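Chains as they are written, first to last, in the numbering used here: chain Z, 1 to 247; chain L, 248 to 494; chain W, 495 to 741; chain D, 742 to 988; chain A, 989 to 1235; chain X, 1236 to 1482.
By construction, the Cβ of each residue, glycine as well, lies at the ideal position given by its N, Cα and C atoms.
Just so it is clear, the structure is predicted and the values come from calculations on it, not from any experiment.
Worksheet for the structure shown next.
There are 6 protein chains.
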Amino acid sequence: MQLSAATWPEIRDCESDLAVVPVGSTEQHGPHAPLGTDTLTATAVAEAGVAAYHEQTGEDVPITPTIPIGIAAEHRGFDGTLWVSPETFRAYVRETIASLAHHGFDRVVIVNGHGGNTDALGEITGTISREDAAYAVAFTWFEGIDTEREMGHGGPVETSLISHLDREAIRENELPAASEGAAEGWGEWVAGVNLAHDSDEFTDNGVVGDPTAATPELGERLLTRSGDALAALLVAVDSRDRGDETD
Amino acid sequence: MQLSAATWPEIRDCESDLAVVPVGSTEQHGPHAPLGTDTLTATAVAEAGVAAYHEQTGEDVPITPTIPIGIAAEHRGFDGTLWVSPETFRAYVRETIASLAHHGFDRVVIVNGHGGNTDALGEITGTISREDAAYAVAFTWFEGIDTEREMGHGGPVETSLISHLDREAIRENELPAASEGAAEGWGEWVAGVNLAHDSDEFTDNGVVGDPTAATPELGERLLTRSGDALAALLVAVDSRDRGDETD
Amino acid sequence: MQLSAATWPEIRDCESDLAVVPVGSTEQHGPHAPLGTDTLTATAVAEAGVAAYHEQTGEDVPITPTIPIGIAAEHRGFDGTLWVSPETFRAYVRETIASLAHHGFDRVVIVNGHGGNTDALGEITGTISREDAAYAVAFTWFEGIDTEREMGHGGPVETSLISHLDREAIRENELPAASEGAAEGWGEWVAGVNLAHDSDEFTDNGVVGDPTAATPELGERLLTRSGDALAALLVAVDSRDRGDETD
Amino acid sequence: MQLSAATWPEIRDCESDLAVVPVGSTEQHGPHAPLGTDTLTATAVAEAGVAAYHEQTGEDVPITPTIPIGIAAEHRGFDGTLWVSPETFRAYVRETIASLAHHGFDRVVIVNGHGGNTDALGEITGTISREDAAYAVAFTWFEGIDTEREMGHGGPVETSLISHLDREAIRENELPAASEGAAEGWGEWVAGVNLAHDSDEFTDNGVVGDPTAATPELGERLLTRSGDALAALLVAVDSRDRGDETD
Amino acid sequence: MQLSAATWPEIRDCESDLAVVPVGSTEQHGPHAPLGTDTLTATAVAEAGVAAYHEQTGEDVPITPTIPIGIAAEHRGFDGTLWVSPETFRAYVRETIASLAHHGFDRVVIVNGHGGNTDALGEITGTISREDAAYAVAFTWFEGIDTEREMGHGGPVETSLISHLDREAIRENELPAASEGAAEGWGEWVAGVNLAHDSDEFTDNGVVGDPTAATPELGERLLTRSGDALAALLVAVDSRDRGDETD
Amino acid sequence: MQLSAATWPEIRDCESDLAVVPVGSTEQHGPHAPLGTDTLTATAVAEAGVAAYHEQTGEDVPITPTIPIGIAAEHRGFDGTLWVSPETFRAYVRETIASLAHHGFDRVVIVNGHGGNTDALGEITGTISREDAAYAVAFTWFEGIDTEREMGHGGPVETSLISHLDREAIRENELPAASEGAAEGWGEWVAGVNLAHDSDEFTDNGVVGDPTAATPELGERLLTRSGDALAALLVAVDSRDRGDETD
């Protein structure tokens, strides 16, 4: 249930205390995939998970609008990448969740499509659960499932999922170049430390991994698995004893 | 041109230094209109304006994703209304624009669909233009055109525009009740001062104005006028001498 | 009753829960009017309103010192203009009101003399009323009365009021030049949007409107009307049911 | 020269790069002295100092409006005391000085009338001088001269100065009670540490020291000495080599 | 070279532009290990690494004092755990590094002993390298080496290292109880998400892993490996081209 | 009792509600004394005081790790000086104390070794005592005792105490030069105002006072006196009625 498509009395009549907040990013994903990749995937996974949860429980969980701009300064070397500071991102998500809690939706699952948001979301879900009137956790879809291949960036995993969601969104004729100019791994590592703070230090075209290995069929499997994982998480969050969480 | 649908090389090849940032809100719009009304209208006006500008000039202007959650605590009395603090909203929009300017899009028009955002946008466009590496102004569509009727809230103007954009989005069977429970005007005024800080102090169902007076035809006219006004504004911003604006 | 002229036991014995906080600005008002114009007018209107209220009700309302420096970066092109950031201004006023509330003065009317402060005051009176231990509204005097003429800046309205308050404060010999160099209206508008963030983009000498049209008699009428309007507002604030305002 | 009484061209024609910023407080000063005592004294000392400096050098130094509300939470136990947080006070004064520096007044002396402001002013004058476009120092008048008697609070020193400035401002009939209920010293000390954070922990009526020992003649001497000290400071600030001060 | 043991001329004569900043935490480590465990380990690893680097290169690298209190709210359920907010921790470390850079030590390696600090350090090293006058990376010792066993918390890895550094610091008689009450793994996981924000939700005595498996010999190996890894990192940071890092 | 050397059950079993937080600085102390001087002295005084208190009362008071980096921008002219902003320092100390209060240690004495920290500590102990769940005061050791000689900076007082604590820490061969290049007093004063914001404006080698006058015997006396003073303060804080302190 898309909260933004509902009217306020429809939300008032919603009995769940669960809500889902998708969080994406607008950042380069190579010459073949759209800047909005992470927003598209977070939105799709949120919908798949809420649908799966509805099928299992009969309950409708509101999905807020996807927050479209995240923490992506590391991709600033590539045109069109948008970003806000971690402080601002944290505040924007935390306060959005506080407004959900004001209406009684105080068990919140953030569905995240971008690795660069993960640390910040880990931080604020702890803070929210300790200090605010809500319990929150963050689900980064590609960390919760078997992705079959390395995640990379604009690589086979994301390219597959986008292909499944919207075949046209992938520039097929750019795939060979995307693959050729890609880095094999993320970063430049010494002693377990990545010396490269920006992605243009180690990838020429923004890609990590081989997007020519992507298929819509893998994308479909990824979406199903992510939706099922999110549904399982919603079940667990719904029934979790919050006694220890409140300050 | 939707920035999020483009790839980074496509944005790199875009010659404009203009960009458009739509800003909406997720907040009650009565029992008949969706919570996402202001996001829908801001998005549609941004697209109409960029299309009109393209027709006139041949130039493509990137539109960022619509920022979906704004300043709406005044509607917190109605379920499903989401909001962030003015500080956080200002930071989120300002930093998004700074990232645009990083890529050379340093003449930015914010397209706003929500009256509650207007003051904050006026403030940051001044600050951005004085202190940051960009020039910015904010266009609140219903302030820039002849709306034929009083704006209200969830009233004939917004309901018309939504009807035109997506007929199904308006709950037709709720319109009589929406009209009946509506307030005639916004707020409770003494000596030019509104004593009511929250909308549920003066409207029972969240509506101000009579939504039964809405028509898709008026919506179409509103969209055309807004698009034309935005195109005219883009022309003016594109050619404006920024000598005086920089600190 | 000027709070700063009273002793603490005199304030302790004051039975009102009303207080008035005048807020001005120190900023250019053309070659003929003093930089302190907005502080003078806010102070005078506060006193007139509290006197009128006392006449009607017999009650004494404390007036705090006038906050003399506001949001005026838009006038930075003219010497002597002082300003603080909107964040700092909001914090300064909000915390001042919190200290009033600590002593039981928790129904507060801000009396504002400067248009540039209006948006910020609208924002914090909402926040104070929702989150702090007080109810507050802001009265910008020239928005609450019939001013007979366009407000402008350093124009006939303000010049009249200053003439009435302190005839010497207006440099009479500068009036012709002030009028000649004045802009007719505020800003440079396209599609309902003001493209000029700073006043020196559209007025050569800082004036908007014709100050030669000012008279002390109009100033006297403006003061009486403003005082009456403020008294009416105090009556309304005093009796307002705050049940809905408290979080 | 009161900046707020001048017009912008008059300030433009002012050749000094010195400016004076008086800072007071609105806080209890016992049953006999007004809440505005520190604002009155800071204002008077600023004027006396600028006059003495003018006499010596022929130069006119602008005095900004007195900032009337400072750091005074320690007096919150007594009605009418107003205060802001140290953070907000620091920002308000620092940004005011930044706006002076924008116009070329970049050697600034703060004239302070309240002990509770001293630490914060010491901090920001260092920060301003290191990081901003100005050099600033803070002069707390009763620290810069021979006060003949212990400062106290609402005691003989302040009461004398107020008596000299405005005889009516002191409630003479309250003086015996003020004296009787006064504390002998400020605070409760163990091992060089004051255990009392608020003044109502050690004084019943807010007074420290004996205000019956005050005389207008002492007040006059205090004002002359303070003015002379401030003039000497202005001379030193005017001629100070700022080479080492700039970052 | 401990910076705090040196005099300023000794630091002035130091030719390196490298510096090491150890960061620990003061938090529960079970009934057998001291609250200062992470501070002890970070300090020891920093010293071992700088010594190894000196042996290889002959260069002396200053080590700042260890920052002893970090991000540890997750352990607040156990007595004696100290923590600051992530915002404050980030500012404290970032500004410390800015002061190092002021003196020319602008290639900085943070040596971290606490997993809860990792995300925050990742964030600020990026921000420092992009926006400040320094390049920084963070080395969390147990992520950079072969630890032979699972890290846990107060488990075999940390207990071994402390045993090696200071045998007395481990309460040997508490080891059996520590082992018995320990959790096997960190957190409560569903779909790749840890539902437990605080450690007392999944471990009764604060321990994760079996500390009875610890040996001083393993501790010695861990220290050697960590020191070697840090030395290798210092070599890489010293020679890294910073062209791309500066804004 | 060093908190960081204890385990959490040992802290749990501690019955005191007192805690001691030592605060130092890492900053130049001339060519003869280490940069860590203030951290060493604060730590030693804290230990001496807690030992003396234990002797008197039998009670054990936990001492937190010493916060090693403070407010020292004024010494930035000398290499190796580290500092954070006053805001960050205040937050770091305040939040550390809040975490102590979480465990019931809500009567806190800060033991400070650096004059530059004093104002900030005065501010936050007031704020903590008014707004947080703890009562706090700050003891700057050289302000609480008879120091026999002028404090200076790296002068006879500090040099004596360091000599007593660690004879090797003082570079004896640098003492003559240290003395010769020293300033006689701190700052450049006009009208009670120090015109010098940074120490390198008035001392060539960072020293104020004559360190050749230092003796370990004086150091021993200073430590005993400081410890006794701190013990007396702990007694007073332990028994203080906090009724008036809580908001």
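Asked, Found
"Cα-Cα separation, X:G1410 to X:I1302", "Here residue 1410 of chain X is Leu; the residue named in the question, Gly, does not match the sequence. Distance between the alpha carbons of X:L1410 and X:I1302: 28 angstroms."
"W:E521 versus W:E711 - alpha carbon distance", "25 angstroms"
"DSSP beta-bridge partners of D:I851", "D:V762 and D:A879"
"A:E1146 versus A:T1212: straight-line alpha-carbon distance, rounded", "14 angstroms"
"Residue-level contact to chain D via CB, X:A1417, 8 angstroms cutoff", "no"
"Outcome for X:E1415 when other beta-carbon atoms lying within 10 angstroms are tallied against a minimum of 16", "exposed"
"Environment of A:T1234 [buried if 16+ CB atoms lie within 10 Å]", "Any reading at A:T1234 needs caution, since the residue's pLDDT is 44, under 50, leaving its predicted position unreliable; the model's value is listed next. By the neighbour-count rule (16 or more Cβ atoms within 10 Å), A:T1234 is not buried but exposed."
"For Z:W141 and X:T1353, the rounded distance between their alpha carbons", "50 angstroms"
"Cβ of A:E1243 within 8 angstroms of any chain Z Cβ", "Residue 1243 of chain A falls outside the range modelled here, since chain A spans only 989 to 1235, and no answer is possible."
"Backbone CA spacing between W:H596 and L:I357 [nearest angstrom]", "41 angstroms"
"Minimum Cβ-Cβ distance from Z:H197 to chain A less than 8 angstroms", "yes"
"Contact test: L:V358 Cβ vs the ligand MG heavy atom, cutoff 7 angstroms", "The ligand MG is absent from the structure shown, which contains no ligand whatsoever."
"Whole-Å CB distance - Z:I128 paired with Z:A136, under 8 angstroms assumed", "5 angstroms"
"Distance between L:D445 and Z:P9 (C-alpha atoms, nearest Å)", "18 angstroms"
"CA nearest to the CA of X:D1367, picked from X:F1340, X:D1381, X:G1389 and X:H1388", "X:F1340"
"Where Z:H164 falls: helix, strand or coil (DSSP)", "helix"
"Burial state of X:N1408 (16 or more Cβ within 10 Å)", "exposed"
"Helix, strand or coil at D:Q769 [DSSP, three-state]", "coil"
"Strand pairing of L:V437, partner residues [DSSP]", "L:V440"
"Beta-bridge partners of L:H400, as assigned by DSSP", "L:V455"
"In DSSP terms, what X:A1418 is bridged to", "X:V1443"
"Closest Cα partner of Z:A6 within the set L:R418, L:G439 and L:E448", "L:R418"
"Touch test, the stretch 967-978 of chain D against the stretch 1416-1431 of chain X, Cβ-Cβ under 8 angstroms, three pairs minimum", "yes"
"The stretch 231-241 of chain Z / the stretch 276-285 of chain L touching (three or more Cβ pairs under 8 angstroms)", "no"
"Burial state of X:R1402, where buried means 16 or more other Cβ atoms lie within 10 Å", "exposed"
"Where W:I664 falls: helix, strand or coil (DSSP)", "coil"
"Candidates D:T956, D:P827 and D:T837: closest to D:S901 by CA position", "D:T956"
"According to DSSP, residues forming a beta bridge with D:A774", "D:H770"
"Alpha-carbon to alpha-carbon, X:I1359 and X:A1404", "32 angstroms"
"DSSP beta-bridge partners of A:Q1044", "Bridge partners of A:Q1044: none, in fact."
"W:A690 vs W:G681 beta-carbon contact at 8 angstroms", "yes"
"Neighbour flag for D:G893 against chain W, beta carbons, 8 angstroms", "no"
"Within chain A, the residues that Z:E74 reaches when beta carbons sit closer than 8 angstroms", "G1114"
"Coarse secondary structure for D:I886, derived from DSSP in three states", "coil"
"Minimum Cβ-Cβ distance from A:G1180 to chain Z less than 8 angstroms", "yes"
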